[in-house]
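In my numbering, each number is its position in the sequence shown, counted from 1, plus 133.
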Amino acid sequence: MDLKHLESFIYVADLHSFSKAADKLFVSQPTITAHIQNLEKELDCALLNRLGHTVTLTNAGEIFYRYAKDVVYTLGSAKLEISVSNSNIEGNVSILSSSVPKLFYLPDKIAKFADTHPGITFNVSGLDSMNVVNNVKNGKCDFGIVGFKFPDPTLLYTNIFSDEICYIIKKDKFPGFSNFDSIDYDDIKDIPLMLREPGSGTFKTFANAVTKAYPDIIKNNYSVFDSNELILSLVKSGYGGSFISSWFTDNENDILKLRLKGVPIKRSFYLVRHKNKKLSPGAEAFYDFLV
C-alpha cells in the first residue's frame, strides 16, 4: 500500500473534493482519482461516495480513514525522529591511517566535523598502507586512509587528496646541492639511502616510479625504517638521504627537498572501506564528510 495513495485519500476525505485534494498535493486530478481507485481495488470495497460535486466517506471509508491517518502520522513521526537523530549523531568512529594523512590531513578534518557533531568521538591509529587495507578487509575498523591501492573486489577506494615524494638531505651536510631543484641518481648514489618498509604506500609509489628510470636504486643496499618521522630525524641529524612525502618537509628550513630528473613521484591518498560493511550513522557521516 503506497503512502501517497493514503495521503490522497485523506485529503479527498477532509476536503470532500478530488480537485481540491489535487491542488493541495500539487498533482493532477486524474492522479488523485487513480490513487483512490488503486486503494479501492486493493481493499475490494468502495471508500467514497461520489454524489455529483460532493464526496463523502462510505462506512468502509470511515473505518479506513482512521487507520490511514494513524499510518501517515506514524510514518511522519518516524521521519522526524530519524532526522533529529541524524543531526545529533553520537558514537565512535574508528579509523586506521597511513602516516601522511594521519598527521597532515585528518586533524583539520576532525576538528571541522566535530564543530557540528560534538557527540562524535574518534579512535585513530597509524599503520602502513598494506596493514591498513588488511584490517579494513577484516572489519577491524570503520574505514582507512592509504597512499596506495591494493586491488581487491571487496574494497571501495575513493581519491581524497594528492602528494609528491621528494628526495631529502640536510642542507649544511651537503651544501653542494643547495642550488639544485632536481638531481640525477648518480649525484646521490654514494649517500646512504633510507627507505620506508615495503608495505608502506611511500615505498610502493617510489619503487613503481623509479624502477624503469633508475633500477639500481632499490637493487643497492639501503636502510629500512618504519616511520617518516624517524627518517626525517635521521636526515636532520646529518645521516644520509631519503625519499619521503613533501608534507613532512614543508616547514623544515634545514632540509633540502629535491626531485629526480625526469621521474615525477606523485601519488593519491584514498579512503578505503569494505563494500559490505554497514557503518554506524556517525562513521557514515564522517566518511561522507571526507568524500
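Just so you know, even glycine gets a beta-carbon here, dropped at the ideal spot from N, CA and C.
(message) So, for Phe313: in the same chain, excluding its five sequence neighbours on each side, which residues have a beta-carbon less than 7 Å away from its beta-carbon?
(response) Within its own chain, the residues whose Cβ lies closer than 7 Å to the Cβ of Phe313, once the five positions on either side in sequence are excluded, are Leu391, listed in chain order.
(message) Quick check for students: name the residue ranges of the beta strand (DSSP E) that lie wholly in the region 395-422, counting only runs of 3 or more.
(response) Whole beta strand (DSSP E) segments, 3+ residues: 399-407.
(message) Quick check: what's the CA-CA separation for Ser315 versus Leu229?
(response) Roughly 34 Å between the two C-alpha positions.
(message) Can you find the residues in the same chain that come closer than 7 Å, C-beta to C-beta, to Ser258, ignoring five residues on each side of it along the sequence?
(response) Here the set comprises Leu229.
(message) Excluding the 5 residues flanking Leu139 on each side, which residues of the same chain have their C-beta closer than 8 Å to its C-beta?
(response) Contacts found: Leu172, Ala201, Val204, Val205.
(request) Please say whether Lys242 and Leu404 have beta carbons closer to each other than 8 Å? (result) Cβ distance not < 8 Å, so Leu404 and Lys242 don't count as in contact.
(message) If I measure Cβ to Cβ from Ile302 and keep anything under 6 Å in the same chain, skipping five residues before and after, which residues do I get?
(response) Around Ile302, the same chain offers Gly374, Leu389 as residues with beta carbons nearer than 6 Å, after the five sequence neighbours per side are excluded.
(request) Quick one: give me the first and last residue of the beta strand (DSSP E) that Glu330 is part of. (result) Where Glu330 is concerned, there is no enclosing beta strand (DSSP E), given that its DSSP letter is neither H nor E.
(request) List the endpoints of the continuous beta strand (DSSP E) containing Leu391. (result) Per DSSP, Leu391 belongs to the beta strand (DSSP E) from 388-393.
(message) So for Lys306, helix, strand or coil by DSSP?
(response) DSSP places Lys306 in the coil class of the three-state scheme, outside both helix and strand.
(request) Look up Asp359 in the DSSP assignment and say whether it is helix, strand or coil. (result) Asp359: coil per DSSP, three-state reduction.
(request) Let me know the secondary structure DSSP gives Asp248 once reduced to three states. (result) It is helical.
(message) Taking only three categories from DSSP, how would you classify Phe255?
(response) Residue state, collapsed to three classes: strand.
(request) Report the three-state DSSP secondary structure of Asn353 (helix, strand or coil). (result) Coil.
(message) Considering Cα atoms alone, identify which of Leu181, Val265, Pro163, Ala167 is closest to Leu148.
(response) Of all alpha-carbon atoms in Leu181, Val265, Pro163, Ala167, the one lying nearest the alpha-carbon of Leu148 is that of Leu181.
(request) For Ile196, count neighbouring C-beta atoms within 10 Å of its own C-beta (all shown protein chains included) and say buried if the count is 16 or more, exposed if not. (result) Ile196 comes out exposed.
(request) Taking Gly415 and Ile222 to be in contact with their CB atoms under 8 Å, please state how far apart those CB atoms are, rounded to whole angstroms. (result) So it is a contact: roughly 5 Å between Cβ atoms.
(message) Using 8 Å for Cβ pairs, my map puts Ala154 next to Leu190. What's the rounded Cβ distance?
(response) Rounded, the Cβ-Cβ distance is 13 Å, inconsistent with contact.
(request) Report back the beta-carbon spacing between Phe339 and Pro234 to the nearest angstrom; my notes put them in contact at under 8 Å. (result) Actually they are not in contact, since the Cβ atoms of Phe339 and Pro234 sit about 17 Å apart, beyond 8 Å.
(message) Between which residues of its own chain and Lys410 is the CB-CB distance below 7 Å, once the five residues before and five after are set aside?
(response) Only Gly272 meet the Cβ criterion.
(request) Please go through the same chain and pick out, in chain order, the residues whose beta-carbon is closer than 6 Å to the beta-carbon of Ser295, but skip the five residues on each side of it. (result) For Ser295, the CB contacts under 6 Å within the same chain, skipping 5 residues up- and downstream, are Ser401 in chain order.
(message) If distances are taken between C-alpha atoms only, which option among Lys399, Gly332, His250, Lys408 comes closest to Thr287?
(response) Out of Lys399, Gly332, His250, Lys408, Lys408 has the C-alpha closest to the C-alpha of Thr287.
(message) Comparing C-alpha positions only, which one of Asp319, Cys299, Asp261 sits nearest to Leu365?
(response) Of the candidates Asp319, Cys299, Asp261, the one whose C-alpha sits nearest the C-alpha of Leu365 is Cys299.
(request) Please specify which runs of the beta strand (DSSP E), each continuous and at least 3 residues long, are wholly inside the region 170-198, giving them in chain order. (result) With a minimum length of 3 residues, the continuous beta strand (DSSP E) runs that stay inside the region 170-198 are 181-184, 187-190.
(request) Assign Lys352 to buried or exposed, taking buried as 16 or more other Cβ atoms, counted over all protein chains shown, within 10 Å of its Cβ. (result) Label assigned to Lys352: exposed.
(message) Assuming contact is defined by CB atoms lying nearer than 8 Å, are Ser356 and Pro331 in contact in what I supplied?
(response) In this structure, Pro331 does not lie closer than 8 Å to Ser356 by Cβ.
(request) Name, in chain order, the residues that DSSP records as bridge partners for Tyr300. (result) Residue pairing from DSSP places Tyr300 in a beta bridge opposite Phe376, Leu391.
(message) Quick check on this structure: which residue in His250, Phe281, Pro240, Lys394 has the alpha carbon closest to the alpha carbon of Val265?
(response) Restricting attention to His250, Phe281, Pro240, Lys394, the CA atom closest to the CA of Val265 is found in Phe281.
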